[in-house]
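Everything below concerns the one structure shown next.
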Amino acid sequence: MADGWAVQRTGPGDQARTQAREQLLDAARELFGVAGYRETSEADLCEAAGVTPEVLRQEYGTREGLLIALHNRVTTIGLRAMEAELLADGMDECSIADRVRRLFDAYVGAVTRDPREARVTFVEVLGVSAVVDEHCKLWRALWTEFLTGEAERAVERGEAEDRDHRVDVMVMVGTVHELMAHHTRRSRRARPEEVSRELTELALTMLGSQRVG
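If you're matching positions, the sequence shown starts at 1 in this note's numbering and goes up one per residue.
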């Protein structure tokens, strides 16, 4: 009884709700990432998570809301990995080529660690609905801001062409996602370092900088 009271008094963020949310995210990762979003029903998700449909509706609204939440989680992990690399030893002294490579190494390693998460993030979110498209558009805008800052830093150091690179970066962000989707769909899973090198070459070319040797 004491445990029951403890759970009730913690309010909306109680352990029971947190556990249910994690169970639903785990189920989404497995089902969306293996069978696919369109092949997975809300009933499938609830059965796999061990929760009722009411819990799904309370926590995420719909399976689309759950898809967005999982995409948010994985994409945030990728962003945090790049931010952590920016603070790593020796990063400020790196050339633009090494700096871009290290950033993409961190990002690709983080978002492809689990193939199921990679499939959800770069394939299953495509063409689902206007709501999901808008969600992905907001993330692309965030990535554009992040990488534009890197481009401006390269210009200041004389390592990139002295011009406004925002359009280049916007194109690059879209291309990065297309390449990640391509590699995710491939029957032979590319090694993270292969994907990172390809993205690095793309970024340096768009910046008008030297290519990786």
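C-beta atoms are modelled at their ideal positions from N, C-alpha and C, and glycine is treated no differently.
Because the structure is a prediction, the values reported are computed rather than measured.
Original post:
Which class does Glu194 belong to by DSSP, given the choice of helix, strand or coil?
Top reply: In the displayed model, Glu194 falls within a helix according to three-state DSSP.
Original post:
So what's Arg99 in DSSP terms, helix, strand or just coil?
Top reply: Arg99 falls in the helix class under three-state DSSP.
**OP:** Would you be able to state if there are at least three C-beta pairs under 8 Å between the stretch 101-108 and the stretch 198-210?
**Re:** The stretch 198-210 makes contact with the stretch 101-108: 3 or more CB pairs, one atom from each, lie closer than 8 Å.
**OP:** Ignore the nearest five residues each way along the sequence and tell me which others in Ala28's own chain have a CB closer than 6 Å to its CB.
**Re:** In the same chain as Ala28, and ignoring 5 residues on each side of it, the C-beta atoms closer than 6 Å to its own belong to Leu66, Leu70, in chain order.
Subject >> Proximity to Pro250 [Cα-Cα], best of Ala118, Ala35, Leu24 >> reply: Since the displayed the chain opens at 1 and closes at 213, residue 250 lies outside it and no answer follows.
Subject >> Through-space distance from Arg166 to Val120, alpha-carbon basis >> reply: Rounded to whole angstroms, Val120 to Arg166 spans 27 Å at the Cα level.
Original post:
What is the DSSP secondary structure of Asp168, reduced to helix, strand or coil?
Top reply: Helix.
Original post:
Roughly how many angstroms separate the alpha carbons of Arg185 and Asp14, rounded to a whole number?
Top reply: When rounded, the distance between both Cα atoms is 38 Å.
**OP:** Consult DSSP for Asp89 and reduce its assignment to one of helix, strand or coil.
**Re:** Reduced to three states, the DSSP call for Asp89 is coil.
**OP:** Alpha carbon to alpha carbon, how far is Glu42 from Glu59? Give it in angstroms, no decimals.
**Re:** Each residue's CA atom was taken as its position, placing Glu59 and Glu42 some 13 Å apart.
Original post:
Which of helix, strand or coil does DSSP assign to Ala141?
Top reply: Looking at Ala141 - three-state DSSP - the assignment turns out to be helix.
**OP:** Report the rounded CA-to-CA distance for Val88 versus Arg157, giving the unit in angstroms.
**Re:** Reading off the sequence, residue 88 comes out as Ala, not Val. Rounded to whole angstroms, the gap between the alpha carbons of Ala88 and Arg157 is 19 Å.
Original post:
Near Arg113, what residues of its chain come up, given a Cβ to Cβ distance below 6 Å and the 5 sequence neighbours on each side ignored?
Top reply: Non-local C-beta neighbours of Arg113 in its own chain, meaning closer than 6 Å and more than five positions away in sequence, are absent.
Original post:
Can you tell me the Cα-Cα spacing of Ser196 and Asp105, whole angstroms?
Top reply: Ser196 and Asp105: Cα-Cα distance of roughly 5 Å.
Subject >> Val111 burial status per 10 Å Cβ neighbour count (16 or more: buried) >> reply: Per the 10 Å Cβ criterion, buried.
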